[in-house]
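S.K.: Here it is: the structure, laid out below.
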Amino acid sequence: MATAMEKQLPLKEEVANLHWSFWLGVAFFVAVIVAILSFGIFLNKSLSSAESAPVTSIAIAGEMPYTTRVDIERAIEQVNLGNFFNLDVNDVQQKVAKLPWVYSVSVRKKWPDELKIYVVDQKPIAHWNGDFLLNLNGKAFQADVQRLVKQLPAFFGPEGSEKIALENFRNLNKLLDFSELAIDELVLTERFAWQLILNDGVTINLGRDNRVERIQRFMDIYPEIKLNKKQGQQVDYVDLRYDTGLAVGWKTANNKERV
23 MATAMEKQLP LKEEVANLHW SFWLGVAFFV AVIVAILSFG IFLNKSLSSA ESAPVTSIAI
83 AGEMPYTTRV DIERAIEQVN LGNFFNLDVN DVQQKVAKLP WVYSVSVRKK WPDELKIYVV
143 DQKPIAHWNG DFLLNLNGKA FQADVQRLVK QLPAFFGPEG SEKIALENFR NLNKLLDFSE
203 LAIDELVLTE RFAWQLILND GVTINLGRDN RVERIQRFMD IYPEIKLNKK QGQQVDYVDL
263 RYDTGLAVGW KTANNKERV
């Protein structure tokens, strides 16, 4: 009899152990589900919070001798910076690119709340027809000339001749530099005749053809012309529109009228 009861005890213990194992498994499963749901809720809240996070920092850099930070801030003041993810960098780029002195601009976002703007300004080479400026590529643009940091030469010519004017300015100015002269004003007429005013006030008429040869002729003879001037005289103009030779006009000192 004792032997039969001893056999039943292990069976009851096994049943009890299975019972607790089942509920422990259920409890673990429930804990895993709760943890997953909690993480999902946390992640959703985190993403929602991040998506609604505003841009709080604007970093502006670049090569900007003319454009100011205030100019850029005013250009983008209508842009909604309240949502980092929804902010359209192309919209910002277009608005900044419309500023008169801006040549190029790049815009990007930096996590978590920064907008980075890099600006390169135009590099003006000359005034063009009084109302415009020319950049180093020979493209005309309008901007506030009061911001210029140095005096620029003045070009005048027909519409569409900007690149031709700039190319000739560079070539002729390079030659004149050997005589320590420079072009202050360049005029290209409707008939494409060239006239230069140098930094010493002398006007050079080059005509349409053989500009380089005529400039070289001028440089060869100009020192002699100055040596032969009379007291109180200054060279007014040198006309090189001849196959050989040239014509010289004189003016009295402090008087721009030809004599």
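Residue numbering for the sequence shown is 23 to 281, as defined by my numbering.
Note that beta-carbon positions come from the ideal geometry of N, C-alpha and C, so glycine has one too.
Extract the residue ranges of the alpha helix (DSSP H) inside the stretch 98-161, only unbroken runs of 4 or more that lie entirely within it.
M.R.: Unbroken alpha helix (DSSP H) runs of no fewer than 4 residues, entirely contained in the stretch 98-161, are found at 111-119, following chain order.
S.K.: Starting from the C-beta of D261, find all residues in its chain whose C-beta is less than 7 Å away, skip the five residues before and the five after it, and write them out in chain order.
M.R.: If you number the sequence shown from 1, residue 261 lands on position 239. The answer, listed in chain order, is N227, L268, A269.
S.K.: For Y264, count neighbouring C-beta atoms within 10 Å of its own C-beta (all shown protein chains included) and say buried if the count is 16 or more, exposed if not.
M.R.: One-based indexing of the sequence shown puts residue 264 at position 242. Y264 is exposed by the Cβ-count criterion.
S.K.: Straight-line CA distance for K132 to F154?
M.R.: By one-based count along the sequence shown, residue 132 stands at place 110. By one-based count along the sequence shown, residue 154 stands at place 132. Approximately 37 Å between the Cα atoms of the pair.
S.K.: Run through the DSSP bridge pairs and tell me what V209 is partnered with.
M.R.: Along the sequence shown, read from residue 1 onward, the residue named residue 209 stands at position 187. BP columns for V209 point to F178, Q217.
S.K.: My output table needs one value for V281: the three-state DSSP class, helix, strand or coil.
M.R.: Taking the first residue of the sequence shown as position 1, residue 281 is located at position 259. Below a pLDDT of 50, predicted positions are generally treated as unreliable, and V281, at 34, falls in that range; the measurement from the model is reported next regardless. Correct three-state label for V281: coil.
S.K.: Pull up the distance between the alpha-carbon of Q253 and that of N195, whole angstroms please.
M.R.: As a first step, residue 253 is located in the sequence shown; it is residue number 231 there, counting from the start. As a first step, residue 195 is located in the sequence shown; it is residue number 173 there, counting from the start. When rounded, the distance between both Cα atoms is 29 Å.
S.K.: So, L197 versus V142, is the Cβ gap smaller than 8 Å?
M.R.: As a first step, residue 197 must be located in the sequence shown, where it is residue number 175. As a first step, residue 142 must be located in the sequence shown, where it is residue number 120. No, they are not a contact pair.
S.K.: From V209 to P76, what does the alpha carbon distance come to, in whole angstroms?
M.R.: Position 187 of the sequence shown, counted from the first residue, corresponds to residue 209. Position 54 of the sequence shown, counted from the first residue, corresponds to residue 76. About 54 Å.
S.K.: Taking 8 Å as the cut-off, decide whether the C-beta atoms of Q255 and T274 are in contact.
M.R.: Residue 255 sits at position 233 when you count from the first residue of the sequence shown. Residue 274 sits at position 252 when you count from the first residue of the sequence shown. Result yes, Cβ atoms of Q255 and T274 sit closer than 8 Å.
S.K.: Please give me, in chain order, every unbroken run of the beta strand (DSSP E) with length at least 3 that falls completely inside the stretch 212-272.
M.R.: With a minimum length of 3 residues, the continuous beta strand (DSSP E) runs that stay inside the stretch 212-272 are 216-220, 225-229, 255-261.
S.K.: Straight-line CA distance for N221 to V171?
M.R.: Walking along the sequence shown from the start, residue 221 turns up at place 199. Walking along the sequence shown from the start, residue 171 turns up at place 149. Answer to the nearest angstrom: the Cα atoms are 19 Å apart.
S.K.: If you draw a straight line from the alpha carbon of N250 to that of D258, how long is it in whole angstroms?
M.R.: Taking the sequence shown and counting its residues from 1, one reaches residue 250 at position 228. Taking the sequence shown and counting its residues from 1, one reaches residue 258 at position 236. Roughly 14 Å between the two C-alpha positions.
S.K.: Buried or exposed for F107, please, with buried defined as at least 16 other CB atoms from any protein chain shown within 10 angstroms of its CB.
M.R.: By 1-based counting over the sequence shown, the position of residue 107 is 85. It counts as exposed.
S.K.: Where do the ends of the alpha helix (DSSP H) carrying A187 lie?
M.R.: Mapped onto the sequence shown, residue 187 falls at position 165. A187 -> alpha helix (DSSP H) spans 184-198.
S.K.: Measuring straight from C-alpha to C-alpha, what distance separates I237 and L158?
M.R.: The sequence position of residue 237 within the sequence shown is 215, counting from 1. The sequence position of residue 158 within the sequence shown is 136, counting from 1. Counting only the Cα atoms, L158 lies some 23 Å from I237.
S.K.: Is A269 near the ligand NAP - that is, is its Cβ less than 7 Å away from at least one heavy atom of it?
M.R.: The ligand NAP is absent from the structure shown, which contains no ligands of any kind.
S.K.: How would you label P146, buried or exposed, when you count the other beta carbons within 10 angstroms and need 16 or more for buried?
M.R.: Position 124 of the sequence shown holds residue 146. Buried is the call here.
S.K.: I'd like to know if the stretch 120-136 and the stretch 81-89 are in contact, where contact means that at least 3 CB-CB pairs between them fall below 8 Å.
M.R.: Taking one beta carbon from each stretch, the stretch 120-136 and the stretch 81-89 have 3 or more pairs nearer than 8 Å; the two touch.
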